[in-house]
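Beneath this line is the structure, given in structure tokens, with notes to follow.
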Amino acid sequence: AWRRRRFSVTIPLVATLAVVVLLFLFASRREEELIRGAFDEQAQELTAAIRASCEAHLEALHAVTLVVSNLPAVDADLFHSIVVGELGHRPGIQALSWNPVVRHAGRVAFERAGARITERDAQGRLRPSAVREEYVPVLFVEPQATDARALGFDVASEPT
Numbered sequence: 009a010w011r012r013r014r015f016s017v018t019i020p021l022v023a024t025l026a027v028v029v030l031l032f033l034f035a036s037r038r039e040e041e042l043i044r045g046a047f048d049e050q051a052q053e054l055t056a057a058i059r060a061s062c063e064a065h066l067e068a069l070h071a072v073t074l075v076v077s078n079l080p081a082v083d084a085d086l087f088h089s090i091v092v093g094e095l096g097h098r099p100g101i102q103a104l105s106w107n108p109v110v111r112h113a114g115r116v117a118f119e120r121a122g123a124r125i126t127e128r129d130a131q132g133r134l135r136p137s138a139v140r141e142e143y144v145p146v147l148f149v150e151p152q153a154t155d156a157r158a159l160g161f162d163v164a165s166e167p168t
């Protein structure tokens, strides 16, 4: 009698356990798919926002480059008037600088004109830049009040 009861209790119990396990697996897989879908959607939105921001910043750089490169001479005041609008319209841009390529043969003339070319030493202090074939010093930067230390810094001296 006990053996017959054991089967009549065991079989429904095992079947119920199997159904519960299958339901749990189905529900957890479905939940994982929902979470993954939400994550993918958020990632796509964030990617689109970053891409749009980068494109807007590149547009600002291209606009400034187009204007500055087509002028015969640019001084700090003219550079300021060119970039102030871009900085005002794009709060994500903290600063804009003009960094011309200076060949070593033109370094003396560049520095005679009142600029300097510097780099950081091992302790992070600014010092005159070592001799190289070419330099990319910061000639103008806006807003100058926040980044005046950058003037003359050779951005090509930093390891990439």
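If you count the sequence shown from 1, you need to add 8 to reach the numbering used here.
Glycine included, each C-beta is placed from N, C-alpha and C at the ideal position.
Do residue i and residue j have their CB atoms nearer than 9 Å?
i	j	result
residue 75	residue 90	yes
residue 71	residue 94	yes
residue 108	residue 124	no
residue 158	residue 103	yes
residue 147	residue 105	yes
residue 101	residue 68	yes
Could you round the C-beta distance between residue i and residue j to whole angstroms and report it? I think they count as a contact, below 8 Å.
i	j	result
residue 87	residue 142	Not really, about 21 Å apart at Cβ, beyond 8 Å.
residue 162	residue 145	5 Å
Near residue i, which residues of its chain fall below 8 Å by C-beta distance, leaving aside the five closest residues on each side in sequence?
i	result
residue 139	112
residue 92	150
My output table needs one value for residue i: the three-state DSSP class, helix, strand or coil.
i	result
residue 13	helix
residue 146	coil
residue 166	coil
residue 159	coil
residue 75	helix
What residues are listed by DSSP as bridge partners for residue i?
i	result
residue 111	142
residue 134	128
residue 104	150
So does residue i have its beta carbon nearer than 8 Å to some heavy atom of the ligand SAH?
i	result
residue 91	No copy of the ligand SAH appears in this structure; indeed no ligand is present at all.
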